[in-house]
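Taking it in order: structure first as structure tokens, then the write-up.
Residue numbers (our numbering), protein chains in the order written: chain Z, 2 to 297; chain E, 1131 to 1412.
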């Protein structure tokens, strides 16, 4: 009955992703070939060959945009001069650390968003009372708020999780409220006609009807939670570990090693992608059997 | 059937309904009195705005009357709703697209808290009744409009309601599907002996199905006349070609136009004719 299997959809998505990655690398190096700094190659005998690009664009010079293979080399080199740990190992550790905070923030923010939406769908009064503050909360720059939250809750996990959930609850609240109110009014009447309680209407009608909306919001929240965790780590009250700290450190060392910052950014992007794919898989599983579930 | 023999399933007395809107007060229904006996098939017919759907919703306790009382099997409509005495079919099937056909039919039984084994048996029986048992595991979007509406009828009947409310259930379907489903509804009604209140725009449909046709006029909505349909059962395609069928259709039509109103004062009936013409455009 279901014409597209979720697994095939994912495999196809992954192949397309790899193709696009190759395209980006081609554009990246192509731009450097046209307007970057001179390329230097050393062969096994120690002879150096130099290729000088025809143009000179500062935006693609070796400081702004290091060669892809320089980033690759940096991943295998030690993270600091006197350390044994490679940059790759360091970044994997940092990503796991940040991912844990982001996952907790995603969970807390998601549940908070769900709870608020469930409250608002049953009480117009509560919605009118709280919604302006919820909207206002999102206009405060997280950069200003993160140090306050992290200092207030002490260095470490709790503050960072709060910062991450601060960014994730909002899209979930808005989309889930829309989803919970999405059923046809006649569907609600149908439930009432068989004496269904509000609780039953919520679980058997509103909640399942809201799921496509919820997953749209969770995909936004998945990536926002990582931004939140990184911002939470990378501030004075933040953390000694994680991608946020790595990005701050590598920012300071940018002149001597731009590859490291690029590597950290790529690590953050991959972490975000992993979160997104996880939510997408959950969506495909949860919405299987619905019309166009695979398209969502 | 619940309710003692001889008493009415539905008793509506002195009911009026006024809607308060930004534009002022609209009287949707005025002084409605109607009694429906057990096992009857009653159609409400009238032009747009005559309040026939509002009357159906009042019977089902989906809205409350401004004045007057609605009694179902001797108890207030609210009590009847909480006792799960209603089955409802809307113009759209209103199926839950995340549930299979059988899960949709099972929904009212789940709400009621019926055990899984009994529920499955009931769902199977209902799907057999509407001749859809081969589609139990399909999802609604895989079915045609007519089949979806049959699922919605099965869902309404699953709870074994003492009264089935149908609000223009075949209004969105093509004429051929509609006629086939009319025959099917008649069969289901005779098999289940459920009392049916049926809202429609279609005079032939009302005459073909009903034991009584309630003709209504708009602004404010009133009952102009109740016409007994004495066509023999079961009604078939031959019925649709009989002289008696045509003369009853004419009678309903002329009552709608205000030429045969009994005891009606001319004014609201005349407005019925006018709105019928307007309604035909929409």
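The beta-carbon is built from N, C-alpha and C at its ideal position, and this holds for glycine as well.
With a cutoff of 8 Å on beta-carbon distance, residue 1273 of chain E and residue 1260 of chain E are scored as not near each other. Per the Cβ contact rule, the stretch 230-239 of chain Z is in contact with the stretch 151-158 of chain Z (3 or more Cβ pairs under 8 Å). Residue 1219 of chain E has its alpha-carbon roughly 22 Å from the corresponding atom of residue 1251 of chain E. Residue 1145 of chain E places its beta carbon less than 8 Å from that of residue 1162 of chain E. For the pair residue 1253 of chain E and residue 1292 of chain E, the CB atoms are not nearer than the 8 Å cut-off. Counting only residues of its own chain and dropping the five nearest sequence neighbours on each side, residue 1300 of chain E has a CB closer than 6 Å to the CB of 1308, 1311. Three or more beta-carbon pairs drawn from the stretch 1171-1187 of chain E and the stretch 1326-1345 of chain E are found closer than 8 Å, and the two stretches are therefore classed as touching.
Residues of the stretch 94-128 of chain Z with a C-beta less than 9 Å from any C-beta of chain E: none at all. Using beta-carbon distances, residue 1142 of chain E does not count as an interface residue toward chain Z, since no partner is under 8 Å.
By alpha-carbon distance to residue 218 of chain Z, the top candidate from Z/169, Z/100, Z/54, Z/253 is Z/169. For residue 148 of chain Z, the closest alpha carbon among the candidates Z/136, Z/137, Z/164 is that of Z/164. For residue 1163 of chain E, the uninterrupted beta strand (DSSP E) run begins and ends at 1154-1166, by DSSP. Within the same chain, and ignoring the five residues on either side of residue 61 of chain Z in sequence, the residues whose Cβ sits closer than 6 Å to its Cβ are 32, 33, 36, 37. Around residue 92 of chain Z, the same chain offers 76, 244, 247, 264, 265, 268 as residues with beta carbons nearer than 8 Å, after the five sequence neighbours per side are excluded. Only exposed fits residue 48 of chain Z, as fewer than 16 other CB atoms lie within 10 angstroms of its CB. For residue 1364 of chain E, the three-state secondary structure derived from DSSP is coil. In the pairwise beta carbon analysis, the stretch 218-229 of chain Z is classified as touching the stretch 269-281 of chain Z: at least three pairs are separated by under 8 Å.
Against chain Z, a Cβ distance below 7 Å from residue 1190 of chain E picks out 194.
Put simply, of Z/285, Z/260, Z/281 the residue whose alpha carbon is nearest the alpha carbon of residue 78 of chain Z is Z/260.
What residue 201 of chain Z touches in chain E, judged by beta-carbon distance under 8 Å, is 1241, going in chain order. Listed along the chain, the chain Z residues whose CB falls inside 8 Å of the CB of residue 1289 of chain E are 195. The C-alpha of residue 1176 of chain E lies about 20 Å from the C-alpha of residue 1304 of chain E. Look at residue 190 of chain Z: its C-beta is under 8 Å from a C-beta on chain E. Assignment of residue 93 of chain Z by DSSP, reduced to helix, strand and coil, places it in the helix class.
Under the 8 Å criterion on CB atoms, residue 179 of chain Z is classed as non-interfacial with respect to chain E. One alpha carbon belongs to residue 66 of chain Z, the other to residue 136 of chain Z, and they sit about 38 Å apart. With respect to the C-alpha of residue 1196 of chain E, the residue from E/1209, E/1183, E/1372, E/1158 having the closest C-alpha is E/1158.
By the criterion of a C-beta distance shorter than 7 Å, residue 57 of chain Z is surrounded in its chain by 36, once the five residues flanking it on both sides are discounted. The beta carbon of residue 207 of chain Z does not come within 8 Å of any beta carbon belonging to chain E, so the residue lies off that interface. As DSSP reads the structure, residue 1145 of chain E sits in a beta bridge with E/1162. Across the set Z/213, Z/17, Z/281, Z/191, the C-alpha of Z/213 shows the shortest separation from the C-alpha of residue 176 of chain Z. Excluding the 5 residues flanking it on each side, residue 1225 of chain E has same chain C-beta neighbours closer than 7 Å at 1234, 1270, 1278, 1281, 1282, in chain order.
Beyond the five residues adjoining it in sequence on each side, residue 1181 of chain E comes within less than 6 Å, by CB distance, of 1158, 1159, 1351 in the same chain, given in chain order. By the neighbour-count definition (other C-beta atoms within 10 Å, threshold 16), residue 1223 of chain E is a buried residue.
Going by C-alpha positions, residue 112 of chain Z is about 18 Å away from residue 100 of chain Z.
Where residue 52 of chain Z is concerned, the enclosing beta strand (DSSP E) starts and stops at 49-52.
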